[in-house]
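Report on one structure; see the data block that follows.
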Amino acid sequence: MVPSRPTFWNIPAWSEILQYLLGAGVVVFIVWVVIRHIRCWRKGTREPVPRLGAEVLKQALERLARFVLTPQRLQSDPYAFITHLGLFWGMVLLALGTAIATIDWDVFHLIFGVRLLQGAFYRVFELVLDVAGVALLIGLVLAVVRRYVLRPSRLTVPQFFGESWESAVILGLLLLVTITGFLIEGLRIQAGLMLKSAAVIANTPENMGEEGVRDATAAAAASVAPWSPVGNLVATIFRGLDASSLRQAHLVLWWIHALAAFAFLLAIPVTKANHLITAFLNVILPSSSELPTASPTIKQRIDGVLPSLTWRQRLEVSACTACGKCQEVCPAHRAGYAFTPKGTVWATRGVLMREVWPWWPATAKASEEHVWLNKDAIWSCYTCRACEVQCPVLVRHTNLVVSYRRPLVDESALADGLQEVLQNLQRYGNSFGQSPRKRADWTKGLPFAVKNANKEAVHYLWFVGDYTSYDARAREVTQTIARIFNAAGLDYGILYEKEKNAGNDVRRIGEEGLFEFLRDENLRALESATWQAIVTSDPHSYHVLRNEYGLKKPSPVGPPASTEKPHEAVGKNSNTVASQALADPPGGNGHPAKHNGDAAPLVWHVSELFWELLKSGKLTVAKKLDRRVTYHDPCYLGRYNEVYDAPRAVLEAIGCHVVEMPQHRENSYCCGAGGGRIWMKDRPGIRERPAETRVKEALSLGNVEDLVVACPKDLVMFQDAVKSLGAEDRLRVIDVASLLAQAISPDIKSQD
């Protein structure tokens, strides 16, 4: 007899029927609960996502491979990575094995009278399932040790009804399923060996009833027991039992195993295990990395607690696994503010669960909604996205925070310091409360004129920004940049008093109406000017201009990027971007595309343009600096737009030796200025300002002379931090433009 899987050996007919009935009930329950969740998600507002197509499908498969099959964002934590691999692949392979066994029995055997699980395929099948079971068991043991012995603080969540028991129940059920599965296998193998020795297999099916056929199948399967190494080992435990005891123990454990499996399946949609479904959906479904546009026709707050969220935001809140990786890197949490990205997401989940289940305990409202969703917590976020680049399931925490800030703005529940700034932005178009006519005062100290882009055509329109126009320290860098542009023969100009704050941080504050006002004013100014590309030294302006203004690339006409003589006007028809954006206000255009390989991007950061000018020979290095420096990646240049290489390439080209801080590139530590925090007062009693933490990290390198920045806000924040730490004689904070100026010409006055 060819060995095949002894499905339902020793299982009476009533048990088979009851198992199928229970299984059908479980499926119906899961579908019903999933539908309730989907209805909850559909209550969210619209969020534009890319249309389904070949490219979208390709990206979905890439995300599936990177974040589900081989969880890329867990690799930095080997313990968590191994635990996840064991749990995930163990469950996936065992679930596939169960599905194959069901198809083998209910389709191939009962309908076609043949077996799929027999011969060589059956041997491999048994081996794979044993390995999967071991992997799952290892993952479960590691998870139990981590949660109940090691107890890292990042795994704690706001205390509400489920967390106190959910993890224990989920892990307990999975352990019960895994252990009973191996015990059942061992009992079946031992019984098969006894039946084989009794020569049951020698009988023909015609001489046996249904029970005899199943006994013969079990006896034949015992001959491939070595292919089930764990089950074969477990079988030795039961050698002392007689046939009757083996059958009784097998049937009892079979039912315990089945009921535990059903209980786990029932728990998936009603506990945090629902991330097995929601995290998968959140990873593979397309989404925008940008903020969803607030709708004036929709209430900004629902039931006094929940803000107006998109359907996609509601889904990703449900996808959160509460792993706490976001919390570990959050600068607000590390500084001592009453905020964690996980706390905000998890508390929001509690609110949404009461929409799914009206009986959801109200105790959550008095605890995490008060602590984690109050205005002090919501205003603490720097919107730096450090949390998002760590999240294994791609939750967009900063978008959620901004959604909570919008109703606070509507209710005038602003953080200290914001009211005056918002009034200044509304009245003067800048956060300093200065006259727009003073915006270009920094040009008065230059030995050459800076073109007025409102009056004559330019190739590069320089969007200067607030800090680079009004702050005394940043203005020195602005003048240095102008001198570099002039030395390169660049055709550039500025908007003078027509430029207003770009609105990036205004939007992150949640003042959507003011953002739209600033954006539209700037777009009108851009429409009235003639230009081919935009350049800015402010990463905040860079981000919003590049991704949230709806700018389109002009026609490829006009002179080259750099020229010794001013070029002729290219005509206003070369720039139709503003009219298009005004006609169709943007809500975000997806993940920003990298500039790498793009010969002429529409919006440049000065560091990118500097590198292009050095490569093209428009700028030449006259003096190698030979300085040991470390570079700080600005959040809105790095994490938001993936510009990491250009500033480093400039530094290396001018002879600097770049020493990386432990937290660099996408893991760079925030300076503490983002999300409007630069305008807000610090809460008394915080442990340490993020800028001070970052300066200490630079100082810890020991042999670094300069902390190089590529953002005017970084310059201000870090210079203040160096002074507060008394480290002026040990570390200089300097902009990359100032170092470049020192290298290309000693005649260019630059920041000391």
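Per the working numbering, the sequence shown starts with residue 63, numbered consecutively. Glycine is no exception: its CB is placed at the ideal position from the N, C-alpha and C atoms. Bear in mind that the values here come from a model prediction, so they are computed numbers and not experimental data.
Sequence ranges, alpha helix (DSSP H) only - wholly within the stretch 507-562, length at least 4 = Correct list: 528-532 and 534-549.
CA-CA distance, lysine 686 and isoleucine 806?
-> Along the sequence shown, read from residue 1 onward, the residue named residue 686 stands at position 624. Along the sequence shown, read from residue 1 onward, the residue named residue 806 stands at position 744. Cα-Cα distance, rounded: 9 Å.
Proline 746 classed as buried or exposed, judged by whether at least 16 other C-beta atoms fall within 10 angstroms | As a first step, residue 746 is located in the sequence shown; it is residue number 684 there, counting from the start. Classification of proline 746: exposed, given that the 10 Å Cβ count is below 16.
Measure the alpha-carbon distance for valine 64 versus lysine 258 and round it to whole angstroms.
-> Position 2 of the sequence shown, counted from the first residue, corresponds to residue 64. Position 196 of the sequence shown, counted from the first residue, corresponds to residue 258. Between valine 64 and lysine 258, the C-alpha separation is close to 13 Å.
Nearest to leucine 681 by CA position, among Ile543, Glu574, Asp791 and Thr755, is which residue?
-> Residue numbering aside, residue 681 sits at position 619 when the sequence shown is read from its first letter. Looking at the Cα atoms, Ile543 is the closest of the given residues.
Cα separation between glutamine 804 and isoleucine 546?
-> Indexing the sequence shown from 1 puts residue 804 at position 742. Indexing the sequence shown from 1 puts residue 546 at position 484. Roughly 10 Å separates the two Cα atoms.
Residues bridged to histidine 667 by DSSP?
-> Reading the sequence shown from its first residue, position 605 is the one you call residue 667. Bridge partners of histidine 667: Thr598.
In the DSSP assignment, what are the bridge partners of serine 66?
-> Counted from its first residue, the sequence shown places residue 66 at position 4. Serine 66 pairs with Gln180.
Evaluate lysine 506 with the Cβ neighbour count: other Cβ atoms within 10 Å of its Cβ, from every protein chain shown; 16 or more gives buried, anything less gives exposed.
-> On the sequence shown, residue 506 is found 444 positions in, with the first residue counted as 1. Counting other Cβ atoms within 10 Å of its Cβ, lysine 506 stays below 16 and is therefore classed as exposed.
Among the residues of its own chain, which have a CB less than 8 Å from the CB of tyrosine 444, if the five just before and after it don't count?
-> Locating residue 444 in the sequence shown gives position 382, counting from the first residue. Taken in chain order, the residues that qualify are Pro393, Ala394, Cys697, Cys732, Gly734, Ala735, Gly736, Gly737, Arg739 and Pro752.
Backbone CA spacing between leucine 487 and asparagine 516 [nearest angstrom] = As a working mapping, residue 487 is identified with position 425 in the sequence shown. As a working mapping, residue 516 is identified with position 454 in the sequence shown. Straight-line Cα distance between these residues: approximately 22 Å.
Does the stretch 775-785 come close enough to the stretch 532-539 to have 3 or more Cβ pairs within less than 8 Å?
-> yes
Output the distance between the C-alpha atoms of leucine 123 and valine 196, rounded to the nearest integer angstrom.
-> Position 61 of the sequence shown, counted from the start, is the residue given in the question as residue 123. Position 134 of the sequence shown, counted from the start, is the residue given in the question as residue 196. If you take the alpha carbons of leucine 123 and valine 196, they lie about 28 Å apart.
Pull up the distance between the alpha-carbon of leucine 315 and that of glutamine 137, whole angstroms please.
-> Taking the first residue of the sequence shown as 1, we reach residue 315 at position 253. Taking the first residue of the sequence shown as 1, we reach residue 137 at position 75. Taking the straight line joining both Cα atoms gives about 37 Å.
So, are the CB atoms of valine 345 and leucine 456 less than 7 Å apart?
-> Looking up residue 345 in the sequence shown gives position 283. Looking up residue 456 in the sequence shown gives position 394. In this structure, leucine 456 lies closer than 7 Å to valine 345 by Cβ.
Mark threonine 242 as exposed unless 16 or more other C-beta atoms lie within 10 angstroms of its C-beta, in which case mark it buried.
-> As a first step, residue 242 is located in the sequence shown; it is residue number 180 there, counting from the start. It is buried - the Cβ of threonine 242 has at least 16 other Cβ atoms within 10 Å.
Within this structure, are the beta carbons of valine 770 and valine 691 separated by less than 7 Å?
-> Sequence index remark: in the sequence shown, residue 770 carries index 708 (1-based). Sequence index remark: in the sequence shown, residue 691 carries index 629 (1-based). Contact flag set, yes.
In this structure, what does DSSP give as the bridge partners for valine 207?
-> The residue labelled residue 207 in the question sits at position 145 within the sequence shown. According to DSSP, which records beta bridges pairwise, valine 207 is partnered with nothing at all.
Identify the continuous beta strand (DSSP E) that holds valine 691 and give its terminal residues.
-> Here residue 691 corresponds to residue number 629 of the sequence shown, with the count starting at 1. Residues 690-693.
Mapping DSSP to helix, strand and coil, what is threonine 755?
-> Numbered from its first residue, the sequence shown carries residue 755 at position 693. In the three-state scheme derived from DSSP, where H, G and I count as helix and E and B as strand, threonine 755 is classed as helix.
Going by Cα to Cα distance, which pick from Leu552, Met415, Val193 and Leu295 is closest to leucine 675?
-> Within the sequence shown, numbered from 1, the residue matching residue 675 stands at position 613. Here the closest residue by C-alpha is Leu552.
Boundaries (first-last residue) of the beta strand (DSSP E) holding arginine 125 = Here the question's residue 125 lines up with position 63 in the sequence shown. Counting along the chain, arginine 125 falls outside any beta strand (DSSP E), though it belongs to the alpha helix (DSSP H) covering 116-126.
Selected residue, minimal CA-CA separation from glutamate 273, among Ala284, Leu787 and Thr69 | Position 211 of the sequence shown, counted from the start, is the residue given in the question as residue 273. Nearest of Ala284, Leu787 and Thr69 to glutamate 273, Cα basis: Thr69.
Between which two residues does the alpha helix (DSSP H) harbouring isoleucine 346 extend?
-> Within the sequence shown, the letter at position 284 stands for residue 346. 337-346 is the extent of the alpha helix (DSSP H) around isoleucine 346.
Look up proline 74 in the DSSP assignment and say whether it is helix, strand or coil.
-> Numbered from its first residue, the sequence shown carries residue 74 at position 12. Correct three-state label for proline 74: coil.
If you pair each beta-carbon of the stretch 788-797 with each one of the stretch 699-709, do three or more pairs fall below 8 Å?
-> no
Could you check which residue in Ala477, Pro420, Leu343 and Leu580 has the C-alpha nearest to that of valine 130?
-> Numbered from 1 along the sequence shown, position 68 holds the residue referred to as residue 130. Checked all of Ala477, Pro420, Leu343 and Leu580; the closest Cα to valine 130 is Leu343.
Beta-carbon gap between alanine 311 and valine 239 smaller than 7 Å | Here residue 311 refers to the residue found at position 249 when the sequence shown is read from its first residue. Here residue 239 refers to the residue found at position 177 when the sequence shown is read from its first residue. Not a contact, by the Cβ cut-off of 7 Å.
Pick from Ala549, Asp582, Ser603 and Asn548 that is closest to arginine 570, judged by C-alpha positions = One-based indexing of the sequence shown puts residue 570 at position 508. Considering only alpha carbons, the answer is Ser603.
Residues near leucine 255 in its chain [Cβ-Cβ closer than 6 Å; skip 5 each side] | Sequence index remark: in the sequence shown, residue 255 carries index 193 (1-based). The beta carbon of leucine 255 is closer than 6 Å to those of Ala284 in its chain, skipping five residues each way along the sequence.
Neighbour-count burial assignment, valine 93, 16 or more Cβ in a 10 Å radius | The sequence position of residue 93 within the sequence shown is 31, counting from 1. Valine 93 should be labelled exposed.
Check the DSSP bridge columns for arginine 98 and list the partner residues they point to.
-> Position 36 of the sequence shown, counting from 1, holds the residue named residue 98. In the DSSP output, where bridge partners are listed per residue, arginine 98 has none listed.
Taking the continuous beta strand (DSSP E) assigned at arginine 135, which residues delimit it?
-> Taking the first residue of the sequence shown as 1, we reach residue 135 at position 73. Here arginine 135 belongs to no beta strand (DSSP E), and DSSP marks it neither H nor E.
Looking at C-alpha atoms only, which residue of Ala760, Pro469, Val720 and His319 is the closest neighbour of glutamate 574?
-> Translated into positions along the sequence shown, residue 574 becomes position 512. If we check each option's Cα against that of glutamate 574, Pro469 comes out closest.
Segments assigned alpha helix (DSSP H), at least 4 residues, entirely inside the stretch 695-771 = DSSP assignment within the stretch 695-771 yields the following whole alpha helix (DSSP H) runs of 4 residues or more, N-terminal first: 707-715 and 752-761.
State buried or exposed for lysine 404, treating a residue as buried only when at least 16 other CB atoms are found within 10 Å of its CB.
-> Here residue 404 is taken as the residue at index 342 of the sequence shown, counted from 1. With 16 or more other Cβ atoms within 10 Å, it is buried.
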